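Those protein sequences? They're chains A and B, same order as listed. Going by the numbering used here, the residue at position 45 of the first sequence is 45; the numbering climbs one at a time, nothing skipped. Going by the numbering used here, the residue at position 127 of the second sequence is 1127; the numbering climbs one at a time, nothing skipped. All C-beta atoms, glycine included, are put in the ideal place defined by N, C-alpha and C. On a predicted model such as this, the values are computed, not experimentally measured, just so you know.
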Amino acid sequence: MIYEPKPYKITEIKQYGNDIKLFRVKTNMNPMPGHFFEVSILGVGECALASCSYNKDYVDILARNAGGVTNVMFNLKKGEEIFIRGPYGRGYPLNLIKKKNIILVAGGTGIAPVTSLIEYIEKNRKDFGEIKVFFGFRNPESILLKDRIDKWKKKFNFTLCFDRAEKKVNGEIGFVHEVIARKKPGTKNTIAIMCGPEIMMDASSKILNELGLENNKIYWNMERRMECAIGNCGRCLIQDVYVCKDGPVFRYDKIKTKLENEKS
Amino acid sequence: MQKILPKKELGAFLKNLIEKYEVIAPVIEKVGDFKISKFKVIKKPGEVYLKENTLVPPKQFFLPEKEALFGFNGNKIESANLGKKKRIILGIRKCDINSLMVLDKVLYDSLYANRRNNTILIGFWCKKPDKYCFCNSMELKDLEKPGFSNFPKQKTQSFGNYYDLFFYEEGDNYYISIGSKKGEELVKDLKNSKKQVIKKLENKKELLKNDIENHYRNAVWDTCVEKCLGCAACTIYCPTCNCFNIEDKINIDLKSGKRIREQTSCQLKSFTEVAGGKVFRETRASRFKHFVYHKIVLYKKKFGRYMCTGCGRCLRVCPTRIDWVEAINLMRDFEKIKEKGKK
Chain A
1 MIYEPKPYKI
11 TEIKQYGNDI
21 KLFRVKTNMN
31 PMPGHFFEVS
41 ILGVGECALA
51 SCSYNKDYVD
61 ILARNAGGVT
71 NVMFNLKKGE
81 EIFIRGPYGR
91 GYPLNLIKKK
101 NIILVAGGTG
111 IAPVTSLIEY
121 IEKNRKDFGE
131 IKVFFGFRNP
141 ESILLKDRID
151 KWKKKFNFTL
161 CFDRAEKKVN
171 GEIGFVHEVI
181 ARKKPGTKNT
191 IAIMCGPEIM
201 MDASSKILNE
211 LGLENNKIYW
221 NMERRMECAI
231 GNCGRCLIQD
241 VYVCKDGPVF
251 RYDKIKTKLE
261 NEKS
Chain B
1001 MQKILPKKEL
1011 GAFLKNLIEK
1021 YEVIAPVIEK
1031 VGDFKISKFK
1041 VIKKPGEVYL
1051 KENTLVPPKQ
1061 FFLPEKEALF
1071 GFNGNKIESA
1081 NLGKKKRIIL
1091 GIRKCDINSL
1101 MVLDKVLYDS
1111 LYANRRNNTI
1121 LIGFWCKKPD
1131 KYCFCNSMEL
1141 KDLEKPGFSN
1151 FPKQKTQSFG
1161 NYYDLFFYEE
1171 GDNYYISIGS
1181 KKGEELVKDL
1191 KNSKKQVIKK
1201 LENKKELLKN
1211 DIENHYRNAV
1221 WDTCVEKCLG
1231 CAACTIYCPT
1241 CNCFNIEDKI
1251 NIDLKSGKRI
1261 REQTSCQLKS
1271 FTEVAGGKVF
1281 RETRASRFKH
1291 FVYHKIVLYK
1301 KKFGRYMCTG
1311 CGRCLRVCPT
1321 RIDWVEAINL
1331 MRDFEKIKEK
1341 GKK
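Have a look at this one:
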């Protein structure tokens, strides 16, 4: 039955800030970048969480303590079992972004799916051009996956953006789109991939438009409520597309009018 | 070749079926002061109520309001038991047969497929469509067209036929069209009919316009939305609405329980709420339009046919009598006026 999850062992837990934890789970699911899972605690429920690793032996899941399932997940310890079904979704269009320069834009926990792509790029570095990363966080204290970001800073053109900071920080101060407007990354032969709040993606897309990147070169990673993840429950419908089955990554020009119609 | 069954022998025919199968047929049930017609498992032929279409659609026999996906005990998962019970749904109308075509394209889990495969459909011609019916405006205008009685095979699996038998009423007899081998088996003892009786339905209501894609901001919608209470009755009674919620129900021992899916509605605000409290379809207008557009435009874009079957149940049960079909027709008139103005 497609709805039955399987148990997997948690091999590592790391905490970032007050309310975010990273769970490393030993699996053989082998997700591609941009895939997501239905993570469940029997007796509590299910929630859709993105994969934030690209590895054969394990899966990393970044979860904010924001709902029923993640709340119970927070009490889990290393060695305990967690139920997962997946991977679901279509992931990032890897064939279309090869040999291109890539701008990655993400904010908050939205960095989770994007990091899976960075890990993929790291392993297949030759296939890609220049990589520019813009990660936005509320403040320097709420930075996520710091260990990985520190490692990647040496390899890629990395810019951390903080909405506000009290002391001097290693990064830029301002919203992500403001930082992009200031830094003016080149947009020749470039694809932009974004994940985060829709307001952030909207503002950043506008800035990139001004810098010469068209909407058909921008990909959005959407968030919706997903109950079944196989296109049955109808919860994640944006007009005629299921975010779970047809997404969660959409080309911006294709999803833009749909989002506008949704709001009317 | 059609078979013929005199009306007074219907009881004996049903009795025969009840002995062999679980027969589900329209009945009328008293709930307080109201009489509600719905599909139910019948024990006696006399219970059947065939005068008009039911208020409650038959979808609950394929996608129940609430059902267990699997059970669990501690960290052990117990798979749901797929029943192999053979069923007959009798007295299903054209619009509801149409609704199964819609559901077949969306749902493909084993629970649904199993129910679909084990159910024989015996359709009935609608003698008296009421003022809310507009099934002729939707797909499946002609039941007897080749292709409708045979289910087009999907890539993953195939279910039974869309109808196995279909009853047309004329004079003192029923004339029965045969759609499948399973159906043929049921009527093999009946006499062959000398003439062919195929009837069309007559609707009073009509949906005149369906290319409403560019009308999201049309002011006519406000006349509907203003009246909408967001009660979700339209979606609950809709034969094609299949959205559900997945939830865990835990027993008092705090160890065992079930993961269930339960029917929900896109008209509720919580429908699109994500962790953190963000609601994507926040306004009543956006939720109401999602319902109508999904039925008329969006589903068609994806699967090539209307999701709406024109059964009129959403109009029939609406407490504030919202008539979105008329509203859409009005948009067409508006366009005509506009064009005249241009000239």
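Spatial neighbours of residue i within its chain, please: CB distance less than 6 Å, with the 5 preceding and 5 following residues excluded, ordered by chain position.
{"i": "E1078/B", "result": "G1071"}
{"i": "Y120/A", "result": "P33, Y54"}
{"i": "E1273/B", "result": "V1279"}
{"i": "C195/A", "result": "A106, G110, P113, V114, N221"}
Just list the residues that DSSP pairs residue i with in beta bridges.
{"i": "T109/A", "result": "DSSP lists no partner for T109/A."}
{"i": "M194/A", "result": "V105/A, W220/A"}
{"i": "Q1263/B", "result": "F1244/B"}
{"i": "I131/A", "result": "I102/A"}
{"i": "F156/A", "result": "F156/A is not bridged to any residue."}
{"i": "G45/A", "result": "I41/A"}
{"i": "Q15/A", "result": "K21/A"}
{"i": "V1279/B", "result": "E1273/B"}
{"i": "K1076/B", "result": "N1073/B"}
{"i": "A1068/B", "result": "I1260/B"}
{"i": "N1192/B", "result": "K1003/B"}
{"i": "Y1108/B", "result": "None, per the DSSP bridge assignment."}
{"i": "R1115/B", "result": "Paired residues: none, contrary to the question."}
Going along the chain, which residues of its own chain have a beta-carbon closer than 7 Å to the beta-carbon of residue i, five neighbours each way excluded?
{"i": "R225/A", "result": "R235, C236"}
{"i": "G17/A", "result": "E141, S142"}
{"i": "G231/A", "result": "Y242, C244, K245"}
{"i": "L1107/B", "result": "L1063, N1242"}
{"i": "M1001/B", "result": "N1192"}
Rounding to the nearest angstrom, what Cα-Cα distance links residue i and residue j in this structure?
{"i": "N95/A", "j": "F128/A", "result": "11 Å"}
{"i": "K258/A", "j": "I238/A", "result": "7 Å"}
{"i": "G34/A", "j": "E178/A", "result": "26 Å"}
{"i": "A1068/B", "j": "E46/A", "result": "15 Å"}
{"i": "N65/A", "j": "N215/A", "result": "34 Å"}
{"i": "D1248/B", "j": "G91/A", "result": "28 Å"}
{"i": "I1296/B", "j": "Y1306/B", "result": "6 Å"}
{"i": "S1158/B", "j": "K206/A", "result": "At S1158/B the pLDDT is 38, less than 50, meaning the model places this residue with poor confidence and gives no usable figure here."}
{"i": "Y1216/B", "j": "S1286/B", "result": "9 Å"}
{"i": "I1122/B", "j": "D1096/B", "result": "11 Å"}
{"i": "A165/A", "j": "E260/A", "result": "34 Å"}
{"i": "I118/A", "j": "V1225/B", "result": "46 Å"}
I want to verify the contact list: residues of chain A whose CB lies under 8 Å from the CB of residue i, in sequence order.
{"i": "A1275/B", "result": "C47, R64, A66, G67, T70"}
{"i": "T1272/B", "result": "R224, R225, R235"}
{"i": "N1117/B", "result": "Residues of chain A passing the Cβ test: none, with the nearest at roughly 16 Å."}
{"i": "R1281/B", "result": "E262"}
In this structure, how does DSSP classify residue i when only helix, strand and coil are distinguished?
{"i": "L1017/B", "result": "helix"}
{"i": "P1152/B", "result": "Note that P1152/B scores a pLDDT of 40, beneath 50, so its modelled location is shaky; the value from the coordinates is reported in the next line. Note: P1152/B maps to coil in three-state DSSP."}
{"i": "K1145/B", "result": "The pLDDT assigned to K1145/B is 48, lower than 50, so where the model puts this residue is not dependable; a value taken from the coordinates is nonetheless given after this. Correct three-state label for K1145/B: coil."}
{"i": "P140/A", "result": "helix"}
{"i": "Y1175/B", "result": "strand"}
{"i": "T1272/B", "result": "helix"}
{"i": "A50/A", "result": "strand"}
{"i": "Q1060/B", "result": "helix"}
{"i": "P1412/B", "result": "Residue coverage of chain B in this structure runs from 1001 to 1343, which leaves residue 1412/B outside it and unanswerable."}
{"i": "P1045/B", "result": "helix"}
{"i": "I2/A", "result": "coil"}
{"i": "L1005/B", "result": "strand"}
{"i": "D1333/B", "result": "helix"}
{"i": "L237/A", "result": "strand"}
{"i": "A63/A", "result": "strand"}
{"i": "L1201/B", "result": "coil"}
{"i": "E1213/B", "result": "coil"}
{"i": "C161/A", "result": "strand"}
{"i": "L1315/B", "result": "helix"}
List, in order along the chain, the chain B residues whose C-beta lies closer than 7 Å to that of residue i?
{"i": "N261/A", "result": "Y1216"}
{"i": "V39/A", "result": "Within chain B, no residue comes near V39/A; the closest Cβ sits about 12 Å away, beyond 7 Å."}
{"i": "P276/A", "result": "A question about residue 276/A goes unanswered here, because the residues of chain A that appear run from 1 up to 264."}
{"i": "V44/A", "result": "D1248"}
For residue i, which residues in chain A fall below 7 Å Cβ to Cβ?
{"i": "N1245/B", "result": "E227"}
Report all residues from its chain with a CB closer than 8 Å to the CB of residue i; omit the five preceding and five following residues, and keep chain order.
{"i": "L1017/B", "result": "V1023, I1088, L1090, L1186"}
{"i": "R85/A", "result": "I2, Y3, E4, P5, K6, F37, E38, S40, A229"}
{"i": "E1047/B", "result": "A1025, V1027, K1040"}
{"i": "L1103/B", "result": "K1059, F1062, L1063, Y1112, T1240, N1242"}
List, in chain order, every chain B residue whose beta-carbon is nearer than 9 Å to that of residue i.
{"i": "Q239/A", "result": "H1290, Y1293, H1294, V1297, L1298, K1301"}
Can you name the residues of chain B whose CB is closer than 8 Å to the CB of residue i?
{"i": "I2/A", "result": "D1109, S1110"}
{"i": "S264/A", "result": "Y1216, R1217, A1285, S1286, K1289"}
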